[in-house]
Structures are given as structure tokens and as C-alpha cells.
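Count the sequence shown with our numbering and you get residues 1443 to 1732, in order. Built from N, CA and C at the ideal position, the CB exists for glycine as well. As the structure is a prediction and not an experimental result, all values here were calculated from the model.
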Amino acid sequence: MTHPSRHVWVETKDNVRLSVREWGRADGPAILFVHGWSHCQLAFLRQYQSALADEFRLVSYDLRGHGESDHPDSLDAYDRGAIWADDLHAVIEGLGLERAVLVGWSFGGRIIAQYVHQFGIERVGGLNFVAVAAFADPDRPVRGPDACADRMLTPNLEDNIAATEHFVRKCVARPLGEADFTWMLAVAAGTSMKARLGSLQWQGDYLDTFRNIRIPSLAIHGRKDGMTLPHAAEAIAAKVAGTRILWFDESGHMPFWEEPERFNAELRNFALACHDRQVTFETAQSSIGE
């Protein structure tokens, strides 16, 4: 099943152009995908080109310094969480999204947490954290044995290429096919070095923010994830009220890629529940107004 995409550019507050794509129903409930570090929006191809596009408005974008988006050549274009949340806000505003379900994978999960911290939940219908370490406890590290971000920062080209290849291979529990490995390696290698470095220089403390809100939340994590250890999902559940955890037993760091049929079914159910909750809330508010 193939669904055509619609491509637009969104400009951020600091004049960075973000490459944004849409699939599916323009009038459907919105799901906005935020990809991970040193990857791009094509990571979610198995969601865009699925039955999800028959029901939902699927939106994605390349983070600054990644994929087709602009690559600012300055470290201070990447080194604060507010920058990445501002970009997400620009996409939501630019496309006029209302009550979108935000799907944040890995570093993308940090971005959606930062977004809620800065902008609240008025424009958000639900949060899906996928292999996310944003809520980890300092006394229980979640960095796994396959994590290699530090080695991908070396200026030595040979070592950097080797580390990037390792990163791509270790994103999944089972080996990628040759074609998939090739494009993922090309995307990872094309990520701005300033983006790699700057994005690792900020951390967020979202405990107070999430202590004071109630929003549907889902944490999905692969049992075989060697980059972000599975107990990271338990940290999310402990700090984001009402979070449900779904374990993907055969997946590593990319359950949406490795077990797409189940992932898509679970995301569909979650997004519909978020939408139904929104409709019920709006109906109740309307009744109160009468």
C-alpha cells in the first residue's frame, strides 16, 4: 500500500527551514512523528505507507541539521532544548495542527517532553514515547552497551564512519537488509556534526511539568534495545501520570521499524482513544456552555 506524500517547508523563529511531509487524510486526526538523533523522517516509512494513512493525517519533519532540513553551521543553533521545542512548535503552528498525538523516538522523545514543558498541552492530544531516556533517574543510567554517540563525535573520519556504521547496525535487533542499511547509513553520515554535538549538550528536568498535567501517554520500548535500556520506559511511567508501557519483545531501538504491524495497530488504538477523549471533552464543554 502506497500513499503519496505532500511536502512543505516550515521556517523557524531563527530562519531555519524545516522539511515537512504529510501522508494520509488531510481531515483526519493528526499524528506528528519526531525522529531520533542522526536519523530522518524516513525512519517512519512503515507508518506512512500503511493503513494508518487511511484514517489519520500523518505528519513528520526532519530535525534541523538532519535530512533535508537546513544545517546551520553554528553550535549555538543546536545546544539548547528550547531551540528544538521551538522547531516542533513551528511545525504545529505552520500546519495548523490541533490536538495532535506526538510520537517521539529516542532523541525525539526528549523534544516532545521539552515542547510540553515550554508550550503546555493545549495543542497536544497524547504523547507516545518510543525508546526514550528523557525521564531516566541519574542513579539508574539507561545508556546501553550499544550506545556510541560519543564515538560519532570524533573528527577522525575513519573512526567516525566506523562508529556511524555501528550506530545504524545496533538500532535494530535483527540485521537490516542491504538497501535499508545503505540509506540509513547515508542519512546518519549526512547529519551535521554541529547538530550531533549540540543536541547532546542539553538536558531537561521535566518532573514538575509532568507532575501538574494529565495527558494520555504511551511508552513503547524494545526488550532487546541495547542503546537505551528498557527500564527507561519504567522511568517514564513513574513520572508521567497514567502512562501505559508496551513491550516489544523482538525489537531493539526501532520497534516501529522492526515490528511495524503491531506498532501501527497499537498507535492506531492509542490515537483513536486520544481523539475520542478530545471529542468527549469538547462535547462536555459545549454542554456546560449551554
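Query, Result
"With distances taken between CB atoms, is the gap from ARG1665 to TRP1689 smaller than 7 Å?", "yes"
"In this structure, how does DSSP classify GLU1464 when only helix, strand and coil are distinguished?", "strand"
"In whole angstroms, what is the alpha-carbon distance linking GLY1507 and ASP1718?", "36 Å"
"Touching or not, the segment 1694–1703 and the segment 1651–1668, by the rule of three or more beta carbon pairs under 8 Å?", "yes"
"Among GLN1491, GLY1478, VAL1452, LYS1455, which has the Cα closest to the Cα of SER1641?", "GLY1478"
"Report yes or no: do three or more beta-carbon pairs, one from the segment 1547–1555 and one from the segment 1565–1573, lie closer than 8 Å?", "yes"
"Between the segment 1491–1506 and the segment 1464–1472, are three or more C-beta pairs nearer than 8 Å?", "yes"
"So for VAL1572, helix, strand or coil by DSSP?", "strand"
"Could you give the residue range of the beta strand (DSSP E) that holds ILE1534?", "Taken as a continuous stretch (DSSP letters only), ILE1534 belongs to no beta strand (DSSP E), being part of the alpha helix (DSSP H) at 1523–1536."
"What is the rounded straight-line gap between the Cα of GLY1523 and the Cα of TYR1648?", "12 Å"
"In whole angstroms, what is the alpha-carbon distance linking ALA1575 and GLY1546?", "11 Å"
"On the three-state DSSP scale, how would you describe TRP1479?", "coil"
"Which ranges would you report for the alpha helix (DSSP H) in the segment 1537–1591 if only whole runs of at least 4 residues count?", "1549–1561"
"DSSP three-state label for THR1596, please.", "coil"
"State whether the segment 1445–1457 contacts the segment 1518–1534, with contact taken as three or more CB pairs (one from each stretch) at a distance under 8 Å.", "yes"
"Keeping to the same chain, check which residues put their C-beta closer than 7 Å to that of HIS1673; ignore five residues upstream and five downstream.", "ARG1582, VAL1584"
"Using the C-alpha atoms, what's the distance from LEU1494 back to SER1729?", "Bear in mind that a pLDDT of 42 at SER1729, under 50, signals an unreliable position, so the number given afterwards is only what the model happens to contain. Distance between the alpha carbons of SER1729 and LEU1494: 32 Å."
"Consult DSSP for GLU1453 and reduce its assignment to one of helix, strand or coil.", "strand"
"With the cut-off set at 7 Å, would you say ILE1678 and THR1670 are in Cβ contact?", "no"
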